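Chains as they are written, first to last, in our numbering: chain A, 14 to 587; chain B, 24 to 441.
See below:
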């Protein structure tokens with residue numbers, strides 16, 4: 014325990030804590046930029062400097078450890094002057110188009126300028142960093158002119174995700190964070206997960222903006238615009254519009270989308286259930302006929318591209334199932350459109366996703382036929398929230414509306430797809446009953462829930478002890494994949510999600526940290542508990558679609574529409 | 024003035040390709056003696072010698088050894104900082120070229136003292152011709168049993184590897200150097216933790232400069248008190264000084280600590296050639312203070328230099344004669360720092376370029392009095408807030424000339440375009 018004095022106030026805190034943590038205990042606000050609560054300390058931006066008695070220089074509060082008897086000043090003349098000077102240096106090398114920036118009003122640099130009431134005329138010539146915007150990625154836009162070189166994105170990409178698509182290049186004033194090896198982002202190992210977007214304190218890394226494509230569809234009277242809404246969206250859209258994390262707003266969301274002009278709003282929970290039918294069937298088949306095991310889930314397009322790039326030798330382990338978005342897209346174009354008497358091209362299929370990588374997935378040639386794609390465009394939660402604000406809709410006061418038929422009903426199993434472990438739990442709920450033909454009474458598989466990086470469990474299914482693992486975040490995925498490659502993984506079934514926390518931690522959500530994630534996580538399971546149907550194979554709409562159209566799970570038509578294949582992208586590593 | 028050669032004791036005295044010639048001079052006798060001593064008394068001798076790090080920071084060597092020796096860790100390392108990147112410093116090059124075995128011997132002694140069995144020599148990228156010198160000397164020492172396992176049957180094992188520098192000035196900063204050895208981009212780490220507890224690959228690591236390490240064998244052989252006695256007055260031991268710039272005699276010279284700067288410049292350096300007068304002196308390397316001719320009566324040691332507004336650094340003394348434009352010198356130095364800043368922390372990354380921008384503006388005759396204030400203000404923030412020694416020290420030429428050569432700035436502002 015250390016007892017120290019900050020700005021005249023005494024505080025006690027554990028040894029090993031930082032000055033920043035101690036100051037927060039006293040509700041003293043110290044500005045930070047390179048500091049991120051979910052990352053290791055970098056101490057490079059220096060905006061958090063404070064004065065420590067006995068130290069000749071100012072020290073960064075985010076990194077400097079407390080000690081007993083320490084006396085700290087966070088608001089001396091020396092500190093104020095240093096912070097203004099550092100802020101001035103950053104502004105003089107930062108794009109000034111705040112008003113046209115995606116992060117306007119939600120930018121950490123802006124907030125600090127506001128908090129410090131920085132009103133000095135810059136004493137240096139305005140400079141521009143980098144070589145202009147990189148719009149090559151369908152998922153992420155990189156604008157180096159807004160970069161403040163804090164390295165948070167590099168940490169997220171390299172340390173958390175182990176994707177290594179971003180790096181710092183050049184030295185000194187010219188140093189810039191850029192797609193690795195000076196390539197365009199689209200030509201790197203980037204998987205589009207958007208964790209860099211989530212890490213960026215400013216507008217240097219943002220979600221690729223596809224709002225205009227959707228507005229144009231809505232404006233086009235000749236088109237029917239149909240949307241599917243992913244499980245996580247109802248968990249995070251209210252947060253994106255200024256409400257507390259974890260506020261579930263399913264009904265208001267549907268209302269808002271109808272008012273925006275979507276003709277039909279469907280629930281991706283439905284196709285999550287469909288995924289369970291197909292993936293469960295595939296798993297049982299692999300398990301009983303000696304197929305490649307462990308089988309790994311394929312719902313997360315960031316994970317898929319990661320596997321295709323870094324573990325192309327292990328693609329056989331991936332389930333051949335399309336993601337829920339991919340399955341839904343095929344049904345919209347091949348089942349829904351003809352039922353309406355329309356050509357597939359006249360029904361615009363829009364996905365609302367928590368995920369930036371889905372923007373890449375929807376462009377995969379495997380997800381289309383006859384010259385059209387099953388999903389025309391993907392909007393993230395962030396973009397949808399902007400459209401709602403743009404349209405002047407007061408989200409908070411909206412009445413509730415149900416999802417549209419025929420794809421308006423999803424089970425609790427489909428809903429928990431939004432959190433890490435959810436796909437596994439949903440699969441277990443169905444696989445158990447299908448294999449044993451007995452009812453599963455305790456359907457909460459707590460062992461696969463939670464934020465532990467890699468979770469393991471063994472579930473007795475009939476006479477087979479099924480060993481499962483769940484990994485979220487690609488750094489954890491890499492650990493599991495290395496085990497498989499080394500022949501040391503004795504799992505039967507693995508769920509992998511690209512984003513830490515699963516889809517509720519996806520790159521297209523409002524900017525997150527683990528504290529917010531806790532609330533989102535609780536909201537997912539609360540939603541599951543409240544639903545009347547909590548097992549995918551008990552969803553009556555699922556049974557109907559198989560009866561009327563698809564035939565058997567894993568059958569011929571199901572295979573044609575709901576399954577896919579993968580591409581070796583290991584050449585990206587060369 | 025007669026030199027006192029301790030660090031330079033064997034430079035030029037033997038064929039570096041012959042370990043037996045080195046042994047004939049008494050070489051590796053210090054290692055043999057050290058291995059017969061207990062570690063505490065060995066470190067005690069180094070501490071009592073008053074030896075301070077010769078790379079620039081001047082940390083007491085004995086205390087550093089004690090800290091690494093006391094640090095917990097199954098694996099420890101000794102790293103020699105031979106990334107002599109300071110413009111106009113050449114002492115480490117001279118030592119390695121002329122006496123590689125004293126460095127090897129010093130490192131082995133250090134390894135024994137702190138409990139390390141492996142050492143790295145991080146050699147400046149621009150010294151490629153010294154690679155074979157070191158590598159051959161290491162191989163010779165290994166063949167002769169001075170490196171490797173169970174040296175002199177003492178049970179102590181130690182080996183060495185030479186690693187190429189990254190070609191960046193910042194890699195001379197000890198934690199950037201460690202990053203570079205680990206194969207990463209050479210960028211400084213935040214301290215604490217210090218390398219003594221978490222250094223190379225996270226293990227306790229002793230990092231010493233070449234000159235520091237080559238001094239060690241003499242101290243072991245003759246005792247700490249013997250070494251300390253060479254300093255003038257209260258000063259301990261000797262220091263190598265690199266004299267450069269507008270001097271009649273330039274080069275690397277070893278003199279007692281406490282030697283008077285003016286004496287060194289005029290009696291050893293021979294003053295400015297061609298009848299020129301001395302305008303100023305930059306002491307302590309590119310990031311050292313620039314002092315004017317009235318300030319030369321300084322005893323050369325760390326604390327005296329900083330008290331007098333000079334910089335001791337690694338003992339660099341660069342003299343400018345009165346044909347030089349002090350603002351041109353400052354511009355040139357700031358170009359260097361703007362180029363060499365690694366870009367990790369804001370004050371150094373942005374600040375050096377901005378100091379350069381303002382100096383250029385003033386030199387163009389477009390400067391204002393406010394620009395002088397900005398130079399001072401920004402410099403202070405850089406020195407106060409930068410992550411490592413580079414940005415903390417790089418404004419020194421600006422700050423010191425604003426004080427010691429203020430007239431040069433004022434004439435450019437008041438006089439406008441030349």
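Using N, Cα and C, we set each Cβ at its ideal position, and we do this for glycine too.
Predicted, not measured: the structure shown is a model, and the values here were computed from it.
Output yes if chain B places a C-beta closer than 8 Å to the C-beta of residue 28(A); else output no. Along the first chain, one-based indexing puts residue 28(A) at 15. No - not a single Cβ of chain B is within 8 Å of the one on residue 28(A).
Do residue 139(B) and residue 229(B) have their C-beta atoms closer together than 8 Å? As a working mapping, residue 139(B) is identified with position 116 in the second chain. As a working mapping, residue 229(B) is identified with position 206 in the second chain. A contact, by the Cβ cut-off of 8 Å.
Name the chain A residues that come within less than 7 Å of residue 367(B), Cβ to Cβ? Position 344 of the second chain, counting from 1, holds the residue named residue 367(B). Per Cβ cutoff of 7 Å: 57.
Is the Cβ-Cβ distance between residue 309(A) and residue 333(A) less than 8 Å? Working through the first chain from its first residue, we reach residue 309(A) at position 296. Working through the first chain from its first residue, we reach residue 333(A) at position 320. No, the pair does not count as a contact, with Cβ atoms beyond the cut-off.
Buried or exposed: where does residue 90(A) fall if 16 or more other Cβ atoms within 10 Å of its Cβ makes it buried? Taking the first residue of the first chain as 1, we reach residue 90(A) at position 77. With fewer than 16 other beta carbons inside 10 angstroms of its own, residue 90(A) counts as exposed.
Closer than 8 Å is the cut-off here; do at least three beta carbon pairs connect the region 338-349 of chain B with the region 388-402 of chain B? The region 338-349 of chain B makes no contact with the region 388-402 of chain B; the number of CB pairs closer than 8 Å stays below 3.
Hey, is residue 202(B)'s beta-carbon within less than 8 Å of any beta-carbon in chain A? As a working mapping, residue 202(B) is identified with position 179 in the second chain. False, the Cβ-Cβ gap to chain A never drops below 8 Å.
Residues of chain A with a CB under 8 Å from the CB of residue 411(B): which are they? The residue labelled residue 411(B) in the question sits at position 388 within the second chain. None at all; the shortest Cβ gap to chain A is about 10 Å.
Using CA coordinates, which residue listed in 345(B), 286(B) and 310(B) is at the minimum distance from residue 320(B)? Here residue 320(B) refers to the residue found at position 297 of the second chain. Across the set 345(B), 286(B) and 310(B), the C-alpha of 286(B) shows the shortest separation from the C-alpha of residue 320(B).
If contacts are defined as beta-carbon pairs under 8 Å, then residue 112(B) and residue 339(B) qualify, I think. What distance do you get, rounded to the angstrom? By 1-based counting over the second chain, the position of residue 112(B) is 89. By 1-based counting over the second chain, the position of residue 339(B) is 316. Between residue 339(B) and residue 112(B) the Cβ distance is about 5 Å, and since that is below 8 Å, they are a contact.
Starting from residue 42(A), follow the alpha helix (DSSP H) in both directions and report where the run begins and ends. Against the first chain, residue 42(A) aligns to sequence position 29. Looking at the DSSP string, residue 42(A) is not in any alpha helix (DSSP H), and its letter there is neither H nor E.
Could you spell out the range, first to last residue, of the beta strand (DSSP E) harbouring residue 553(A)? Your numbering for residue 553(A) matches position 540 in the first chain. Residue 553(A) -> not in any beta strand (DSSP E); alpha helix (DSSP H) instead, spanning 553-558.
Can you tell which of 155(A), 317(A) and 245(A) has its C-alpha closest to the C-alpha of residue 327(A)? Translated into positions along the first chain, residue 327(A) becomes position 314. When each option's Cα is compared against that of residue 327(A), the closest is 317(A).
Quick one: residues in its chain with C-beta nearer than 8 Å to the C-beta of residue 542(A), no 5 flanking neighbours on either side, listed in chain order? Along the first chain, read from residue 1 onward, the residue named residue 542(A) stands at position 529. Here the set comprises 425.
So, is residue 302(A) buried or exposed, given that buried needs 16 or more other C-beta atoms within 10 angstroms? Here residue 302(A) refers to the residue found at position 289 when the first chain is read from its first residue. Residue 302(A) should be labelled exposed.
Quick one: what does DSSP say residue 393(A) is sitting in, helix, strand or coil? Position 380 of the first chain, counted from the first residue, corresponds to residue 393(A). Three-state DSSP puts residue 393(A) in a strand.
Based on Cα-Cα distance, which residue from 48(B), 51(B), 136(B) and 396(B) lies nearest to residue 91(B)? The residue labelled residue 91(B) in the question sits at position 68 within the second chain. Proximity to residue 91(B) across 48(B), 51(B), 136(B) and 396(B) peaks at 136(B), based on C-alpha coordinates.
Short Cβ contact (8 Å threshold) for residue 58(A) with residue 369(B): Counted from its first residue, the first chain places residue 58(A) at position 45. Counted from its first residue, the second chain places residue 369(B) at position 346. In this structure, residue 58(A) places its C-beta atom within 8 Å of the C-beta atom of residue 369(B).
In the DSSP assignment, find the beta strand (DSSP E) that holds residue 225(A) and state where it starts and stops. Along the first chain, one-based indexing puts residue 225(A) at 212. Note, residue 225(A): premise wrong, no beta strand (DSSP E); alpha helix (DSSP H) at 224-232.
Residue 364(B) CB to nearest chain A CB: under 8 Å? Within the second chain, numbered from 1, the residue matching residue 364(B) stands at position 341. Residue contact with chain A for residue 364(B): present (Cβ-Cβ distance below 8 Å to some residue of chain A).
Which of the three DSSP states, helix, strand or coil, is assigned to residue 441(B)? Taking the first residue of the second chain as position 1, residue 441(B) is located at position 418. Because the pLDDT of residue 441(B) is 40, which lies under 50, any placement of that residue in the model is unreliable, and the number read from its coordinates should be weighed accordingly. Coil.
Unbroken beta strand (DSSP E) run spanning residue 280(A), endpoints: Taking the first chain and counting its residues from 1, the one referred to as residue 280(A) is at position 267. Looking at the DSSP string, the run of the beta strand (DSSP E) that includes residue 280(A) is 277-280.
Using a Cβ-Cβ cut-off of 8 Å, state whether residue 383(B) counts as contacting chain A. As a working mapping, residue 383(B) is identified with position 360 in the second chain. No, its Cβ sits nowhere closer than 8 Å to a Cβ of chain A.
Measuring only the C-alpha atoms, how far is residue 515(A) from residue 130(B)? Translated into the one-based positions of the first chain, residue 515(A) becomes position 502. Translated into the one-based positions of the second chain, residue 130(B) becomes position 107. Residue 515(A) and residue 130(B): Cα-Cα distance of roughly 51 Å.
From this set, 278(B), 328(B) and 267(B), which residue's C-alpha is nearest residue 301(B)'s C-alpha? Here the question's residue 301(B) lines up with position 278 in the second chain. Among 278(B), 328(B) and 267(B), the Cα nearest to that of residue 301(B) is on 267(B).
With burial defined as no fewer than 16 other Cβ atoms inside 10 Å of the residue's Cβ, what is the status of residue 586(A): buried or exposed? As a first step, residue 586(A) must be located in the first chain, where it is residue number 573. Classification for residue 586(A): exposed.
Could you say if the region 41-53 of chain B and the region 61-70 of chain B meet the contact criterion of at least three C-beta pairs nearer than 8 Å? With a cut-off of 8 Å, the region 61-70 of chain B and the region 41-53 of chain B do not count as touching, because too few Cβ pairs lie within range.
Nearest CA to the CA of residue 181(B): which residue from 75(B), 161(B), 191(B) and 197(B)? Position 158 of the second chain, counted from the first residue, corresponds to residue 181(B). Comparing Cα-Cα distances from residue 181(B) to each of 75(B), 161(B), 191(B) and 197(B), the minimum goes to 161(B).
Using only the alpha-carbon positions, how far apart do residue 101(A) and residue 124(A) sit? What you label residue 101(A) is simply residue 88 of the first chain in a count that begins at 1. What you label residue 124(A) is simply residue 111 of the first chain in a count that begins at 1. In this structure, the CA atom of residue 101(A) is about 14 Å from the CA atom of residue 124(A).
What are the residues of the region 313-341 of chain A that lie near chain B, defined by any Cβ-Cβ distance shorter than 8 Å? Cβ contacts with chain B come from no residue of the region 313-341 of chain A.
Of the choices 427(B), 79(B) and 170(B), whose alpha-carbon is the least far from that of residue 114(B)? Within the second chain, the letter at position 91 stands for residue 114(B). Residue nearest to residue 114(B) within the set 427(B), 79(B) and 170(B) is 79(B) (criterion: CA-CA distance).
Boundaries of the alpha helix (DSSP H) in which residue 91(B) is found, first to last residue: For the purposes of this step, residue 91(B) is taken as residue 68 along the second chain, with counting starting at 1. Per DSSP, the continuous alpha helix (DSSP H) segment holding residue 91(B) begins and ends at 84-93.
On the three-state DSSP scale, how would you describe residue 583(A)? Numbered from 1 along the first chain, position 570 holds the residue referred to as residue 583(A). Three-state DSSP puts residue 583(A) in a helix.
Rounded C-alpha distance that separates residue 21(A) from residue 14(A): For the purposes of this step, residue 21(A) is identified with residue 8 of the first chain, where counting begins at 1. For the purposes of this step, residue 14(A) is identified with residue 1 of the first chain, where counting begins at 1. About 19 Å.
Residue 103(B) - containing beta strand (DSSP E), residue span: Reading the second chain from its first residue, position 80 is the one you call residue 103(B). Taken as a continuous stretch (DSSP letters only), the beta strand (DSSP E) holding residue 103(B) covers 100-105.
Taking just the CA atoms, how far does residue 142(A) sit from residue 385(A)? Against the first chain, residue 385(A) aligns to sequence position 372. Against the first chain, residue 142(A) aligns to sequence position 129. Computed Cα separation, rounded: 39 Å.
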